[in-house]
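Note that the protein sequences, when read in sequence, are chains A and B. First residue of the first sequence: 720, per my numbering; consecutive thereafter. First residue of the second sequence: 720, per my numbering; consecutive thereafter. Structure first, commentary second.
There are 2 protein chains.
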Amino acid sequence: MIHGGDLISFKDLYDGKIIDYSSNINPLGYPKVLNKVLEDALKDADKYPDIKYRNLKKSISKYLGCSEEEVVVGNGAVEIIDVFIMMFKRIITFNPCFIEYEKRAKIHNKEVLEFFLDENFNIDINLLYENIKEGDCLILGNPNNPTGKRINEDILKNIVRLIENRNAFLILDEAFYEFCPFFYDSIKLFKESKNVAIIRAATKFFALPGIRLGYAFTNSNTARKYDETVLPWSVNVFADVAGSIIFDNISYLQNTKEYINEQRQYLLKELKNVSCLKVFDTDCNFILIKLLKGNEDDLFCFMIKRGILIRKASSFKGLDKTYIRIAVKDFENNSYLIKCFKEYEEFSL
Amino acid sequence: MIHGGDLISFKDLYDGKIIDYSSNINPLGYPKVLNKVLEDALKDADKYPDIKYRNLKKSISKYLGCSEEEVVVGNGAVEIIDVFIMMFKRIITFNPCFIEYEKRAKIHNKEVLEFFLDENFNIDINLLYENIKEGDCLILGNPNNPTGKRINEDILKNIVRLIENRNAFLILDEAFYEFCPFFYDSIKLFKESKNVAIIRAATKFFALPGIRLGYAFTNSNTARKYDETVLPWSVNVFADVAGSIIFDNISYLQNTKEYINEQRQYLLKELKNVSCLKVFDTDCNFILIKLLKGNEDDLFCFMIKRGILIRKASSFKGLDKTYIRIAVKDFENNSYLIKCFKEYEEFSL
Chain A
720 MIHGGDLISF
730 KDLYDGKIID
740 YSSNINPLGY
750 PKVLNKVLED
760 ALKDADKYPD
770 IKYRNLKKSI
780 SKYLGCSEEE
790 VVVGNGAVEI
800 IDVFIMMFKR
810 IITFNPCFIE
820 YEKRAKIHNK
830 EVLEFFLDEN
840 FNIDINLLYE
850 NIKEGDCLIL
860 GNPNNPTGKR
870 INEDILKNIV
880 RLIENRNAFL
890 ILDEAFYEFC
900 PFFYDSIKLF
910 KESKNVAIIR
920 AATKFFALPG
930 IRLGYAFTNS
940 NTARKYDETV
950 LPWSVNVFAD
960 VAGSIIFDNI
970 SYLQNTKEYI
980 NEQRQYLLKE
990 LKNVSCLKVF
1000 DTDCNFILIK
1010 LLKGNEDDLF
1020 CFMIKRGILI
1030 RKASSFKGLD
1040 KTYIRIAVKD
1050 FENNSYLIKC
1060 FKEYEEFSL
Chain B
720 MIHGGDLISF
730 KDLYDGKIID
740 YSSNINPLGY
750 PKVLNKVLED
760 ALKDADKYPD
770 IKYRNLKKSI
780 SKYLGCSEEE
790 VVVGNGAVEI
800 IDVFIMMFKR
810 IITFNPCFIE
820 YEKRAKIHNK
830 EVLEFFLDEN
840 FNIDINLLYE
850 NIKEGDCLIL
860 GNPNNPTGKR
870 INEDILKNIV
880 RLIENRNAFL
890 ILDEAFYEFC
900 PFFYDSIKLF
910 KESKNVAIIR
920 AATKFFALPG
930 IRLGYAFTNS
940 NTARKYDETV
950 LPWSVNVFAD
960 VAGSIIFDNI
970 SYLQNTKEYI
980 NEQRQYLLKE
990 LKNVSCLKVF
1000 DTDCNFILIK
1010 LLKGNEDDLF
1020 CFMIKRGILI
1030 RKASSFKGLD
1040 KTYIRIAVKD
1050 FENNSYLIKC
1060 FKEYEEFSL
């Protein structure tokens, strides 16, 4: 198991609908206005998507507050990560992080320099001072998956300064950006930098993993190079039209932010009362947990019997079999999850 | 212009709906049964597609007559070509051919050995005998784009024998396979080979360029290697469900084959009567034409003023500005196209 959301592989383990706590999708679902738009798009399935994604880039640039020439799009955030990785000599990561950073780098025969986050899951910037050089590409999750932590603003500014001085490059993977409350806007912060790409996606916050739409801000020269590297027509017509409309929905944005914030607080508070768990604080819509008794396999079996799919976390480098990750979902499911964790507490006494 | 179908770039040149003769899509449109299925799939946009594409591969394996382990899928045929290219040291092509073979190879820093088809657009197999070696990957369009020619069965068998003896690999790009009348089935021919991949797609014949679905047959070991290399979730949910249903539609398959065959004969016969054109025979749904007067730019301007978008062909290596390519479309549009070509004949006298 290296990715969440693979419900089909486990459907025989529970006689009913499995609740997916293994992938971190907005539980409120995608903006309802989309239904009509996607229905209309059906008739365009017999045409190629616009190979230049003109409308889509216009809509995204408005949402991100940059120009259309500074926007790139891809078949999910993961394709954007992949295409950027292709452009650089050496990739630097801080474990634990999204598994595809290292995987895609190795597939493209790139050298990978792997560091580890410190015991509080923070970046030790000295490691970068000592090691980063021209042509390197550092990839940081912000907030980071699976730790849920965003990078401190001042530290991030220092990292970008260092990256610029060394003529290296920074990819900020901000696939969970909108879930964070009161977060600095890294695009505003680094709008003038020629050494940064900031990746976001419709997948998580807009609840559209099936449609495959990632997008990113980067300087226009790098964007041109990206467009020369990415596969033609990599964003399908449905993602193309969805991306032309979802960002206008201010009330959806606001409601989701508030709701997730509320549910995050609720889950954190309740889970911290479960004695066999060490619950890490989070800035977004998933929670990393260390099991103080038993391991991921025990909890996985316990939970799947109750119709809950959790994410085992030992496949993340730097974490062992005592770690798991769960999503922040809606109140009904979250309270059921807590009930199950309390049963697990009894069970593991 | 390196790809057809880019209607948006030329929409200001004609005051009305442009007829797209630059991309080669089934003019009968996608199977109508799809509308309901795609509408139902809208509700699944909030879930990841099955990361293993179990239903999709089952449906394709049934259609291709192979096992599910021998099927790979991608975000259009072009992603499958790309992933296979990544797996080999050196890429061999015969120009003129689909531009992405060379482009993707260069993007992945692969050595490219380029040959040219002979004056009848056939492959000189001696070039392969003299040059092909272990680790090479030969890519052939079958039928080839833009020439429209399928490879003679005996020559293809000799090529595969050579490929196997040298421990090289052959990619047959059969994106236009179903348009060919009475065509040998290369999957049946090479089912036992460990050195062949045969790529097809929903894009052209099933009229679904917007949905992005490519698939291929290859031996199960290579398929496993492909699955380890391709991006996760690269086929979206709409393509996933479409591919689970379109192949069952026997009458759609038969009707399209007959209709296209009829229209191809009609277009070839009429165009051969236009004195300023040299029209090449074709095995599928597009026609390569050499202009005996004027060049691609002249004809392009002449046609776009009449609402017709043709494909200039000088971007294909081995062809100069006197070549163009057109699609085979429905009777109404085809007869209008012929009318316009006759006007061009008058005009260029």
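Beta carbons are placed, not taken as given, at the ideal position from N, Cα and C, and that holds for glycine. All values reported here derive from a predicted model rather than from experimental measurement.
(message) Using a Cβ-Cβ cutoff of 8 Å, what residues of the region 924-944 of chain B are near chain A? List them in chain order.
(response) A926, L927, P928, G929, I930 and R931
(request) Return no unless some Cβ of chain A is closer than 8 Å to the Cβ of K776 (chain B). (result) no
(request) Run down chain B in chain order and give the residues with a C-beta less than 9 Å from the C-beta of D763 (chain A). (result) G929
(request) Assuming K730 (chain B) contacts I737 (chain B) (C-beta within less than 8 Å), just tell me the rounded distance between them. (result) 7 Å
(request) Compile a chain-ordered list of the residues in the region 946-959 of chain A whose CB is closer than 9 Å to at least one CB of chain B. (result) E947, T948, L950, P951, W952, S953, V954, N955, V956, F957, A958 and D959
(request) Could you tell me how far apart the beta carbons of C995 (chain B) and S1067 (chain B) are, in whole angstroms, since I believe they sit closer than 8 Å? (result) 5 Å
(message) Within 8 Å of any Cβ in chain B, is that where the Cβ of I1075 (chain A) sits?
(response) Residue 1075 (chain A) cannot be examined here, being either before or after the span of chain A that is shown, 720 to 1068.
(message) For I1029 (chain B) and L1018 (chain B), what's the separation of their Cα atoms in angstroms?
(response) 8 Å
(message) For a contact defined as C-beta to C-beta under 8 Å, what are the partners of L757 (chain B) on chain A?
(response) L761 and A764
(message) Quick check for students: name the residue ranges of the alpha helix (DSSP H) that lie wholly in the region 767-820 of chain B, counting only runs of 4 or more.
(response) 773-783 and 796-805
(request) Starting from V915 (chain A), follow its DSSP beta bridges and name the residues at the other end. (result) A:L889
(message) Need the endpoints of the beta strand (DSSP E) that K1009 (chain B) sits in, please.
(response) F1005 to L1010
(request) Use the C-beta contact count for T1020 (chain A): other C-beta atoms within 10 angstroms, 16 or more gives buried, fewer gives exposed. (result) Note on residue identity: the sequence assigns Cys, not Thr, to residue 1020 (chain A). It is exposed - the Cβ of C1020 (chain A) has fewer than 16 other Cβ atoms within 10 Å.
(request) Look up F834 (chain A) in the DSSP assignment and say whether it is helix, strand or coil. (result) strand
(message) Only counting the same chain, and skipping five residues up and downstream in sequence, which positions put a Cβ closer than 8 Å to that of P951 (chain A)?
(response) I770
(message) Does any residue of chain A have a CB that is nearer than 8 Å to the CB of P900 (chain B)?
(response) no
(request) Starting from the Cα of N794 (chain B), find the closest Cα among B:K991, B:V956 and B:E977 and give me that residue. (result) B:V956
(message) Counting only Cβ pairs nearer than 7 Å, list the residues of chain B close to R880 (chain A).
(response) What R880 (chain A) touches in chain B: nothing, since even the nearest Cβ is about 31 Å away.
(request) Pick out the complete alpha helix (DSSP H) segments inside the region 959-1033 of chain A, 4 residues or longer, and give them in chain order. (result) 969-991 and 1015-1023
(message) Taking beta-carbon pairs under 7 Å, can you tell me which members of the region 795-811 of chain A lie near chain B?
(response) G795, V797, E798 and D801
(message) On the CB-based measure, 16 or more other CB atoms within 10 Å of its CB, does Y848 (chain A) come out buried or exposed?
(response) exposed
(request) Report whether the distance from the Cβ of L889 (chain A) to the nearest heavy atom of the ligand GDP is below 7 Å. (result) Absence of the ligand GDP from the depicted structure is noted, as is the absence of any ligand whatsoever, leaving it without description.
(request) Using a Cβ cut-off of 7 Å, pull out every chain B residue sitting near P768 (chain A), in sequence order please. (result) G929
(message) If you measure between the beta carbons of S1034 (chain A) and I874 (chain A), is that distance less than 8 Å?
(response) no
(request) Flag this pair as touching only if the region 896-904 of chain B and the region 837-856 of chain B have three or more C-beta atom pairs under 8 Å; answer yes or no. (result) no
(request) Using a threshold of 8 Å, state whether the C-beta atoms of V791 (chain B) and I799 (chain B) are closer than that. (result) yes
(request) Pull out every residue of the region 721-747 of chain A whose Cβ sits closer than 9 Å to any Cβ of chain B, in chain order. (result) I721, H722, G723, G724, D725, L726, I727, S728, D739, S742, I744 and N745
(request) Please check the pair L836 (chain A) and P815 (chain A), which I expect to be a contact at CB under 8 Å, by giving their CB distance rounded to whole angstroms. (result) 7 Å
(request) Leaving out five residues on either side along the sequence, give the residues of the same chain with a beta carbon under 6 Å from the beta carbon of D843 (chain B). (result) D837
(message) Quick check: the Cα distance between V831 (chain A) and I811 (chain A), rounded to an integer number of angstroms?
(response) 6 Å
(message) Only counting the same chain, and skipping five residues up and downstream in sequence, which positions put a Cβ closer than 7 Å to that of P768 (chain B)?
(response) W952, V954, N955, V956 and D959
(request) Have a look at the DSSP bridge pairing and note the partners of L857 (chain B). (result) B:I811 and B:L889
(request) State the start and end residues of the unbroken beta strand (DSSP E) segment that holds I1045 (chain B). (result) Y1042 to A1046
(request) Using three-state DSSP, classify T922 (chain B) as helix, strand or coil. (result) coil
(message) When you compare the region 1040-1056 of chain B with the region 737-757 of chain B, are there three or more beta-carbon pairs, one atom per stretch, that lie closer than 8 Å?
(response) yes
(message) Check this for me: beta carbons of I851 (chain B) and L891 (chain B), under 8 Å apart or not?
(response) no
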